[in-house]
Amino acid sequence: MNGLRRVALAIVLAAAATAGMAAQRPNELRTTPPQRNPLQANQGTPVQSNDPWAAPRHDMVELQIRERGVHQPEVLRAMEAVPRHLFIPEEHRDQAYSDAPQPIGWGQTISQPYIVALMTELLELRPGDKVLEIGTGSGYHAAVLSRVAGEVYSIEILDPLGKQAKSTLRQLGYDNVHVKVGDGYQGWPDEQPFDAIILTAAPPKIPQPLVDQLKVGGRMVVPVGSFVQDLMLLTKTSRGIERRTVAPVRFVPMTGEVQRTKPDG
Ligand code: SAH
Numbered sequence: 177m178n179g180l181r182r183v184a185l186a187i188v189l190a191a192a193a194t195a196g197m198a199a200q201r202p203n204e205l206r207t208t209p210p211q212r213n214p215l216q217a218n219q220g221t222p223v224q225s226n227d228p229w230a231a232p233r234h235d236m237v238e239l240q241i242r243e244r245g246v247h248q249p250e251v252l253r254a255m256e257a258v259p260r261h262l263f264i265p266e267e268h269r270d271q272a273y274s275d276a277p278q279p280i281g282w283g284q285t286i287s288q289p290y291i292v293a294l295m296t297e298l299l300e301l302r303p304g305d306k307v308l309e310i311g312t313g314s315g316y317h318a319a320v321l322s323r324v325a326g327e328v329y330s331i332e333i334l335d336p337l338g339k340q341a342k343s344t345l346r347q348l349g350y351d352n353v354h355v356k357v358g359d360g361y362q363g364w365p366d367e368q369p370f371d372a373i374i375l376t377a378a379p380p381k382i383p384q385p386l387v388d389q390l391k392v393g394g395r396m397v398v399p400v401g402s403f404v405q406d407l408m409l410l411t412k413t414s415r416g417i418e419r420r421t422v423a424p425v426r427f428v429p430m431t432g433e434v435q436r437t438k439p440d441g
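Note that our numbering has the sequence shown beginning at 177, numbered continuously upward.
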């Protein structure tokens, strides 16, 4: 870790300690919220829709995502289009477009909107791309990916979450998302290779079967580590794997086989 990142992480941890980090949920990259007045966010950009959630969703895209530097038009359009509130349990729905992760049951969380957008942008998806997601959760991120890529294959280890996500995605018409229940450690051998792979649960180290299922030229985004993780971007080239650390993040842990593998093995 270089000096700057160490300082940044220390600030994040200090801020978290004073804010009572123990009570906070994972999946949150702690960045300073934008300073604009949210009430003015829609000025000059009328939202033409009868959907009462369209205005908060538009504000989410402008204030939480575009202002923090995510600019790929396809990603912004997808974040604007996918009804995040319909992936969140009713008791938390009023918080659907707030700048935070939300609980989705069984101890899991749907990531903060900015993190969903950032990870999606890092994948540099093109319309026909085939994407593998490990950690379907609510199905929200899969739905976002499906608006930017061609086909999305998503694996969820918890049976009730996987079933619920399947049903939500079917009801909303996301026909190019394919969900299966199981441990994502071994990937989806029948559908490999993938143009992009994304993990939304954090492994202590990157599962080799997933690297093997990535096409040459493909990209993988993965939070690696335990309590605080590094969001890593891997690119598979003909010469090998290039790695870049993007930011410190906090996701729920990847469970299953990865927890039984040796740290160095
Ligand atoms: N992408 C989700 C959020 C995922 S939270 C969304 O948009 O809602 C991380 C998810 O990864 C959890 O649902 C958790 O059960 C799942 N998970 C953890 N370990 C896994 C594994 N080995 N294989 C597949 N899913 C896993």
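We put the CB at the ideal spot given by N, CA and C, even for glycine. Just so you know, these numbers come straight off a predicted model, no measurement behind them.
Query                                                                                                                                                       : Result
Could you give the DSSP three-state label for leucine 337: helix, strand or coil?                                                                           : helix
Is there at least one non-hydrogen atom of the ligand SAH closer than 7 Å to the beta-carbon of alanine 293?                                                : no
Helix, strand or coil for phenylalanine 427 per DSSP?                                                                                                       : coil
Residues bridged to proline 279 by DSSP?                                                                                                                    : Thr285
Between threonine 285 and the ligand SAH, is there a pair consisting of the residue's CB and a ligand heavy atom that are separated by less than 7 Å?       : yes
Based on the DSSP secondary-structure assignment, which residues constitute the bridge partners of glycine 363?                                             : Glycine 363 is not bridged to any residue.
Only counting the same chain, and skipping five residues up and downstream in sequence, which positions put a Cβ closer than 7 Å to that of isoleucine 286? : Phe263, Ile264, Pro277, Gln278, Ile280, Gly313, Ser314, Tyr316
Give me the Cα-Cα distance between leucine 458 and aspartate 388, rounded to the nearest whole angstrom.                                                    : The question about residue 458 has no answer here: the residues shown for the chain are numbered 177 through 441.
What would DSSP say about alanine 272, mapped onto helix, strand or coil?                                                                                   : coil
Less than 7 Å between the CB of glutamate 332 and some heavy atom of the ligand SAH, yes or no?                                                             : yes
Could you please give the first and the last residue of the uninterrupted beta strand (DSSP E) stretch that includes serine 322?                            : It is not in any beta strand (DSSP E) - serine 322 instead sits in the alpha helix (DSSP H) that spans 316 to 324.
Just checking my contact of proline 380 with glycine 401 at CB under 8 Å: how many whole Å lie between their CB atoms?                                      : 7 Å
What does the Cβ neighbour count give for glutamine 336, buried or exposed, with the cut at 16 atoms within 10 Å?                                           : Correcting the residue identity first, residue 336 is proline in this sequence and not glutamine. The residue is exposed, with fewer than 16 neighbouring Cβ atoms inside 10 Å.
Under 8 Å between C-beta atoms, does asparagine 226 make it to chain B?                                                                                     : This model lacks chain B altogether; it includes just one protein chain.
Could you tell me if proline 228 is buried or exposed, where buried requires 16 or more neighbouring beta carbons within 10 angstroms of its beta carbon?   : exposed
Out of curiosity, what's the CA-to-CA distance linking histidine 234 and lysine 438?                                                                        : 45 Å
By DSSP's criteria, proline 385 is part of a beta bridge. Which residues make up the other side?                                                            : For proline 385, which the question treats as bridged, DSSP gives no partner whatsoever.
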